[in-house]
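Written below as structure tokens is the structure these notes are about.
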Ligand code: SF4
Ligand code: MG
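In full-length UniProt numbering, the protein residues as written are 14 to 325.
Structure, rendered in structure tokens:
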């Protein structure tokens, strides 16, 4: 179980802009064992920042991240090392995350050695088993990443993540760089692996079709705020927050029976200087006066919660 507490205010140094910005504010969610919690939002919503903080690549400046009740910000180096084995990350661009000078066999077996999970001949046997698990063959162990297609590289990255024997995998746009047909294969592989191994996923994507395929629960992020959380597929059937409705309306192939479409309008504001009140108010088609001044609290909805004054 992962608990991310509020207020979770994180300041990230934007190197180009030399400015501090609040990437994620007021984000509060828990992830239960075996579920796929999806985070959706446009670029700049803070999705990747949350992913990095969860796997310990970026420290939150305030708030807490609890893994199985342990505060990630307070554990010592050796405990953190042990925790790091238990959660792994799969990135959007597998090529960037695979060392181009290493053979695939070395890439996949590196966590086995690092975490002392196998010795001697066991390392090779386990590495070959992992390649087989993700649909590659033992022969591929001798090759280099550039000899593979994008989808195959993502299989290599998945095999490497699995070799650490993780419980929890953060997947940051894992199929966004792939062709649609290849996307489906990788997503199905990830679902099969989850069933076989009881994995828990935090699944980050801007693509609602992909999220609908994967999520057992979905959170919608807007400018670093979680504006709606919804169980199962209900987000897609019965969205509650005006921003969620707008996002869904932007996807033509999602069946939206009987609901009036809201046109997608406006640009995502600069996160360095977010709007007052409800951060969505400049783009919201149903905003009322107090949206400009008052931050909406989170209200219970039939299938979760949403932060909008109209739901109170
Ligand atoms: Fe729109 Fe107001 Fe609801 Fe924000 S609080 S989503 S501006 S109606
Ligand atoms: Mg991102």
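All C-beta atoms, glycine included, are put in the ideal place defined by N, C-alpha and C.
Out of the options, state which residue places its alpha-carbon closest to the alpha-carbon of residue i.
i	options	result
residue 49	246, 263, 260 and 195	246
residue 52	98, 320 and 230	230
residue 190	108, 132, 138 and 317	108
residue 257	280, 232, 170 and 237	232
residue 120	172, 82 and 202	172
residue 307	281, 204 and 293	293
residue 127	76, 94, 114 and 134	94
residue 105	166, 304 and 302	166
residue 244	279, 90 and 319	319
residue 223	303, 264, 253 and 146	264
residue 237	207, 86 and 291	291
residue 312	242, 283 and 279	242
residue 146	70, 135, 203 and 192	203
Quick check on residue i: does DSSP put it in helix, strand or coil?
i	result
residue 316	coil
residue 85	coil
residue 218	strand
residue 249	helix
residue 116	coil
residue 257	helix
residue 213	strand
residue 68	coil
residue 223	helix
residue 306	coil
residue 293	coil
residue 55	coil
residue 108	helix
residue 263	coil
residue 34	In this prediction, residue 34 has a pLDDT of 46, which is less than 50 and means its spatial position is unreliable; nothing more can be read from the coordinates.
residue 147	coil
residue 280	coil
residue 299	coil
residue 164	helix
residue 325	coil
residue 127	helix
residue 192	coil
residue 154	helix
residue 201	helix
residue 132	coil
Checking the sheet assignment: what are the DSSP bridge partners for residue i?
i	result
residue 230	50 and 244
residue 102	183
residue 311	320
residue 239	234
Confirm, please, whether the CB-CB distance from residue j to residue i is below 8 Å.
i	j	result
residue 288	residue 295	yes
residue 99	residue 181	yes
residue 118	residue 234	no
residue 45	residue 103	no
residue 68	residue 240	no
residue 139	residue 154	no
residue 188	residue 199	yes
residue 64	residue 205	no
residue 124	residue 159	no
residue 248	residue 178	no
residue 211	residue 47	yes
residue 254	residue 321	yes
Can you round the beta-carbon distance between residue i and residue j to whole angstroms, since I take them to be within the 8 Å contact cut?
i	j	result
residue 157	residue 116	6 Å
residue 143	residue 150	Their Cβ separation, rounded to whole angstroms, is 12 Å, which puts residue 143 and residue 150 out of contact at 8 Å.
residue 324	residue 314	6 Å
residue 195	residue 164	4 Å
residue 122	residue 176	7 Å
residue 281	residue 57	5 Å
residue 262	residue 316	Rounded, the Cβ-Cβ distance is 19 Å, inconsistent with contact.
residue 219	residue 92	34 Å between Cβ atoms; not a contact.
residue 88	residue 79	10 Å between Cβ atoms; not a contact.
residue 174	residue 101	4 Å
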